[in-house]
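Quick notes on the structure that follows.
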Amino acid sequence: MLALWPEVKRVAGQNLIFEGTENLPAQIARRLQERQLSLTLSEQYTSGLLALQLSRAGAPVLASEVVPSQEETLAQTAHWTTERRSNHYAGLALAVSGLENEHLNFALATPDGTYALRVRFSANRYSLAIRQEVCAMMALNMLRRWLNGEDITSEHGWIDVVESLTS
């Protein structure tokens, strides 16, 4: 396996989410603590899954909310996420919108600006729990990329990014 690992990393590229024994929420918790950043969360489709995973890993989550699914443009999701970061005096804010016509919005508000993605997510053959896990993983991967100084809006594997916004 060790001989194959460089090839796995090359193929996975920025989508690599697990290496060694540290899972993605633990990686993020460690990086947030190293950078002395706090996080606030707003979840619709993932229904609190991000908060659960990050809290279990000991991440500095200041506040989290689960809100009913509502129709939002990507610009609206980005705006609400930026406001949430400011209102909670948090270093970062991460949001996942509701699922609407096979589309979801993800937004990350940082001290450098706000990044938002609208993705086409058509995995209806899987259970709701699996779809929520995949969406939570994508949101966490977006956060991991920012923490590592990587491009947030680049390809996300088999999930089709249909719109991106940076402000």
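Those letters in the sequence shown? Residues 2 to 168, by the numbering used here.
Each residue gets a CB set at the ideal place from its N, CA and C atoms; glycine is no exception.
Candidates the options: which alpha carbon is nearest residue i's?
{"i": "Leu38", "options": "Leu148, Gly49, Asn125, Val135", "result": "Leu148"}
{"i": "Asn24", "options": "Glu35, Leu166, Arg57", "result": "Arg57"}
{"i": "Ser165", "options": "Thr78, Val135, Leu53, Glu44", "result": "Thr78"}
{"i": "Leu129", "options": "Arg31, Thr47, Ala30, Arg32", "result": "Thr47"}
{"i": "Thr170", "options": "Ala60, Pro112, Leu141, His89", "result": "A question about residue 170 goes unanswered here, because the residues of the chain that appear run from 2 up to 168."}
{"i": "Gly49", "options": "Glu151, Ala137, Glu73", "result": "Ala137"}
{"i": "Val135", "options": "Leu40, Ala30, Leu51", "result": "Leu51"}
{"i": "Trp81", "options": "Ala110, Leu105, Arg146", "result": "Ala110"}
{"i": "Gly59", "options": "Glu73, Arg36, Ile29", "result": "Ile29"}
{"i": "Phe107", "options": "Asn142, Gly92, Ser87", "result": "Asn142"}
Given a cut-off of 9 Å, decide if residue j and residue i are closer than it, judged by their beta-carbon atoms.
{"i": "Ile153", "j": "Val120", "result": "no"}
{"i": "Leu230", "j": "Leu144", "result": "Not covered by the structure: residue 230. The range shown for the chain is 2 to 168."}
{"i": "Leu63", "j": "Leu55", "result": "no"}
{"i": "Gln45", "j": "Ser123", "result": "no"}
Who are residue i's beta bridge partners in DSSP?
{"i": "His1", "result": "Missing from the structure shown is residue 1; the chain here goes from 2 to 168 and no further."}
{"i": "Asp161", "result": "Arg121"}
{"i": "Ser94", "result": "Here residue 94 turns out to be Ala, not Ser, going by the sequence shown. BP columns for Ala94 point to Thr41, Ala110."}
{"i": "Leu129", "result": "According to DSSP, which records beta bridges pairwise, Leu129 is partnered with nothing at all."}
{"i": "Ala52", "result": "In the DSSP output, where bridge partners are listed per residue, Ala52 has none listed."}
{"i": "Glu66", "result": "Ser43"}
{"i": "Thr167", "result": "Tyr116"}
Whole angstroms are fine: how far does the CA of residue j sit from the CA of residue i?
{"i": "Ala27", "j": "Gln71", "result": "30 Å"}
{"i": "Glu66", "j": "Leu100", "result": "17 Å"}
{"i": "Arg85", "j": "Tyr127", "result": "32 Å"}
{"i": "Leu53", "j": "Ala117", "result": "22 Å"}
{"i": "Pro69", "j": "Gln34", "result": "30 Å"}
{"i": "Tyr90", "j": "Ile131", "result": "32 Å"}
{"i": "Gln133", "j": "Asn102", "result": "16 Å"}
{"i": "Thr83", "j": "Gly114", "result": "8 Å"}
{"i": "Gly150", "j": "Asn125", "result": "33 Å"}
{"i": "Val162", "j": "Arg32", "result": "26 Å"}
{"i": "Gln15", "j": "Leu105", "result": "Confidence at Gln15 is low in this model, with a pLDDT of 49, below 50, so its placement is unreliable and no value can be given for it."}
{"i": "Leu40", "j": "Leu93", "result": "5 Å"}
{"i": "Met2", "j": "Ala140", "result": "With a pLDDT of only 47 at Met2, under 50, the local geometry of the prediction cannot be trusted, and the value read off the model is given with reservation. Those two C-alpha atoms are separated by around 28 Å."}
{"i": "Arg146", "j": "Pro61", "result": "18 Å"}
{"i": "Arg36", "j": "Glu73", "result": "31 Å"}
Can you determine whether any heavy atom of the ligand HEM sits closer than 8 Å to the C-beta of residue i, and answer yes or no?
{"i": "Arg85", "result": "The ligand HEM is absent from the structure shown, which contains no ligand whatsoever."}
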